[in-house]
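K.L.:
Those sequence lines, one after another, are chains A and B. Residue 29 in our numbering sits at position 29 of the first sequence, and the numbers go up by one each step. Residue 1074 in our numbering sits at position 74 of the second sequence, and the numbers go up by one each step. We put the CB at the ideal spot given by N, CA and C, even for glycine. Values in this document were obtained by computation on a predicted structure and should not be read as measured data. Please find one structure pasted underneath; my questions will follow.
Protein chains: 2
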Amino acid sequence: MLLAPGSTPRIRITRQRQIILDELCSVTSHPTADDLYQMVRRKLPRISLGTVYRNLETMAELGMIQKLEVGGTQKRFDGNAATHYHVRCQRCGRVDDLDLGLIAGVEKEAAAKTRFAILRHRLEFTGLCPECQKKL
Amino acid sequence: MLLAPGSTPRIRITRQRQIILDELCSVTSHPTADDLYQMVRRKLPRISLGTVYRNLETMAELGMIQKLEVGGTQKRFDGNAATHYHVRCQRCGRVDDLDLGLIAGVEKEAAAKTRFAILRHRLEFTGLCPECQKKL
DNA sequence: ATAAAAATAGTAATCGTTATCAAAAAAGAG
DNA sequence: CTCTTTTTTGATAACGATTACTATTTTTAT
Ligand SMILES: [Mn+2]
Ligand SMILES: [Mn+2]
Ligand SMILES: [Zn+2]
Ligand SMILES: [Zn+2]
Chain A
1 MLLAPGSTPR IRITRQRQII LDELCSVTSH PTADDLYQMV RRKLPRISLG TVYRNLETMA
61 ELGMIQKLEV GGTQKRFDGN AATHYHVRCQ RCGRVDDLDL GLIAGVEKEA AAKTRFAILR
121 HRLEFTGLCP ECQKKL
Chain B
1001 MLLAPGSTPR IRITRQRQII LDELCSVTSH PTADDLYQMV RRKLPRISLG TVYRNLETMA
1061 ELGMIQKLEV GGTQKRFDGN AATHYHVRCQ RCGRVDDLDL GLIAGVEKEA AAKTRFAILR
1121 HRLEFTGLCP ECQKKL
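Shown next as structure tokens:
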């Protein structure tokens, strides 16, 4: 039987999807899709890289996780879906969370200066991580 | 900007480099490498895409221009090398400058919360441009 | 003018990501 | 349960932005 018009198709909880989410939420690093692939393969050795990409994309669209478009060649993922800020090491690419409160009213300020409708903001710091400071 | 002969023994003044820089500085949009390639080809029809990429990279490393790692698949370039903020339309990808003063002391605040050495920061707003607001 | 260094055009290679698709799994109705 | 429909998967191909390569040309220094 067909679904009733207007009904929302359910998102199925597959073993693959659950483990990808579990692995992502178990770390505070901000792994790339390939990082996650390596992590998940320890529990599901037959999973394909495409499945990892597909599910990360789906979960990001549903707002369960965040896709981070920080610098570098690869995108990173964040199990914390709430807005928060990051620091990225310009030498090794490490990305850490920053325990800095959200800048109050900054979206309202921005909205007053543009005709764009502001939906969200992203603040990212660039610098050198402790390890890379030693090496330079 | 004018390339000064003799001031930097490493970088040479080529017609290609000067025109790429001129074209980038002549617009307030934030063109991709391919956008610039199309613009520059009107004046140098024989230039190669690789030359555009190579020179944008070089000039960004020298701090003459900015390479913007905003969302989307392609990187964008900015003839304004000074720190300033951007809004990006999440529907069409348009990137505008935001005439918003730099957030005072935010790098200092961040530095107090991390062991990273903070070098710079980037603030980007996401939203919908006027045209895309109409269409949705 | 000569030689050394750097940059170019043209092209191939790389690599992160998406798309495709037959097969498998999950959900629903009876 | 069985039968049917929808979603997801694994495998692989395709894509597209960027980078690498290289013989030749251009620029700069002597
Ligand atoms: Mn985070
Ligand atoms: Mn700008
Ligand atoms: Zn580092
Ligand atoms: Zn738009």
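1) Provide the residue(s) that pair with His121/A in DSSP beta bridges, ordered along the chain.
2) Look up Thr1058/B in the DSSP assignment and say whether it is helix, strand or coil.
3) Would a C-beta distance cut-off of 9 Å place Thr1028/B and Val1087/B closer than the cut-off?
4) Cα separation between Ile65/A and Asp35/A?
5) Using the Cα positions of His121/A and Cys1092/B, report the straight-line distance between them to the nearest angstrom.
6) Would you please verify whether the beta carbon of Ile1118/B is less than 9 Å from any beta carbon of chain A?
7) Using beta carbons (cut-off 9 Å, strictly below), is Gly127/A in contact with chain B?
8) Please report the residue range of the alpha helix (DSSP H) in which Arg1041/B lies.
9) Kindly say whether Gly1195/B, judged by its beta-carbon, lies nearer than 9 Å to any beta-carbon of chain A.
10) Give the DSSP-derived three-state secondary structure of Gln1133/B in the structure shown.
11) Ignoring anything shorter than 4 residues or poking outside the stretch 1063 to 1121 of chain B, list the alpha helix (DSSP H) runs there in chain order.
12) Return helix, strand or coil for Val27/A, following the three-state DSSP convention.
13) Closer than 8 Å to a non-hydrogen atom of ligand 2 - does that hold for the CB of Asn80/A?
14) Run through DSSP, which three-state label would Thr51/A get?
15) Kindly list the residues whose CB is nearer than 7 Å to the CB of Ile19/A, restricted to its own chain and excluding five residues on each side of it in sequence; keep chain order.
16) By DSSP, does Arg12/A sit in helix, in strand, or in coil?
17) Inspect the CB distances between the stretch 52 to 72 of chain A and the stretch 108 to 120 of chain A and report whether three or more fall short of 8 Å.
18) Can you give the Cα-Cα distance for Pro1130/B and Arg1094/B, rounded to whole angstroms?
19) Find the residues of chain A that neighbour Gln1133/B, judging by a C-beta separation of less than 7 Å, and give them in chain order.
20) Apart from the five residues just before and just after Val1106/B, which ones in its own chain have a Cβ nearer than 8 Å to its Cβ?
21) Taking the alpha carbon of Ala104/A as the reference point, which residue from Leu123/A, Asp96/A, Asp97/A, Gln90/A has its own alpha carbon closest?
22) Starting from the C-beta of Leu128/A, find all residues in its chain whose C-beta is less than 8 Å away, skip the five residues before and the five after it, and write them out in chain order.
23) I believe Ala1033/B touches Leu100/A by the beta-carbon criterion, under 8 Å. Please report the beta-carbon distance rounded to the nearest angstrom.
24) Does DSSP classify Arg1017/B as helix, strand or coil?
25) Within 9 Å (strictly less), CB to CB, does Tyr1085/B reach chain A?
26) In chain B, which residues lie with their C-beta within 8 Å of the C-beta of Gly71/A?
27) Please indicate yes or no: does the CB of Gly1091/B lie closer than 8 Å to some heavy atom of ligand 4?
P.N.:
According to the structure shown:
1) Stepping through the first sequence from its first residue, residue 121/A is reached at position 121. Its beta-bridge partners are Phe1125/B.
2) Here residue 1058/B is taken as the residue at index 58 of the second sequence, counted from 1. Here Thr1058/B sits in helix by DSSP.
3) The count along the second sequence starts at 1 and reaches residue 1028/B at position 28. The count along the second sequence starts at 1 and reaches residue 1087/B at position 87. Not in contact: Thr1028/B and Val1087/B (Cβ atoms no closer than 9 Å).
4) Counted from its first residue, the first sequence places residue 65/A at position 65. Counted from its first residue, the first sequence places residue 35/A at position 35. Approximately 16 Å, taken between the alpha carbons.
5) Stepping through the first sequence from its first residue, residue 121/A is reached at position 121. Stepping through the second sequence from its first residue, residue 1092/B is reached at position 92. Using only the alpha carbons, I get a separation of about 17 Å.
6) Here residue 1118/B corresponds to residue number 118 of the second sequence, with the count starting at 1. Output row for Ile1118/B: interface = yes.
7) Counting from one through the first sequence, the residue named residue 127/A turns up at place 127. Yes, Gly127/A counts as interfacial toward chain B.
8) Residue 1041/B sits at position 41 when you count from the first residue of the second sequence. Arg1041/B -> alpha helix (DSSP H) spans 1033 to 1041.
9) With chain B covering only 1001 through 1136, there is no way to say anything about residue 1195/B.
10) If you number the second sequence from 1, residue 1133/B lands on position 133. Looking at Gln1133/B - three-state DSSP - the assignment turns out to be helix.
11) 1106 to 1111
12) Position 27 of the first sequence, counting from 1, holds the residue named residue 27/A. In this structure, Val27/A counts as coil in the three-state DSSP scheme.
13) For the purposes of this step, residue 80/A is taken as residue 80 along the first sequence, with counting starting at 1. No, the Cβ of Asn80/A stays beyond 8 Å of every heavy atom of ligand 2.
14) Along the first sequence, one-based indexing puts residue 51/A at 51. Thr51/A falls in the helix class under three-state DSSP.
15) For this step, residue 19/A is matched to residue 19 along the first sequence. Cβ within range, chain order: Val40, Lys43, Leu44.
16) The sequence position of residue 12/A within the first sequence is 12, counting from 1. Here Arg12/A sits in coil by DSSP.
17) no
18) Counting from one through the second sequence, the residue named residue 1130/B turns up at place 130. Counting from one through the second sequence, the residue named residue 1094/B turns up at place 94. If I take the Cα positions, the gap works out to 11 Å.
19) Mapped onto the second sequence, residue 1133/B falls at position 133. Within chain A, the residues near Gln1133/B are Ala117.
20) Along the second sequence, read from residue 1 onward, the residue named residue 1106/B stands at position 106. Closer than 8 Å at the Cβ level, and outside the excluded window around Val1106/B, lie His1121.
21) Sequence index remark: in the first sequence, residue 104/A carries index 104 (1-based). Looking at the Cα atoms, Leu123/A is the closest of the given residues.
22) As a position in the first sequence, residue 128/A is number 128, starting the count at 1. Same-chain partners within the cutoff: Cys89, Gln90, Arg91, Leu136.
23) As a working note, residue 1033/B is residue 33 in the second sequence. As a working note, residue 100/A is residue 100 in the first sequence. At roughly 33 Å, the Cβ-Cβ gap does not stay under 8 Å, so Ala1033/B and Leu100/A are not in contact.
24) As a first step, residue 1017/B is located in the second sequence; it is residue number 17 there, counting from the start. The answer is helix: DSSP assigns Arg1017/B an H, G or I state.
25) Locating residue 1085/B in the second sequence gives position 85, where the first residue counts as 1. It does; some Cβ of chain A falls within 9 Å.
26) If you number the first sequence from 1, residue 71/A lands on position 71. Going along chain B in sequence order, the residues near Gly71/A (Cβ under 8 Å) are Glu1069.
27) Numbered from its first residue, the second sequence carries residue 1091/B at position 91. Before going on, a small fix: residue 1091/B reads as Arg here, not Gly. It does: the Cβ of Arg1091/B is within 8 Å (strictly closer) of some heavy atom of ligand 4.
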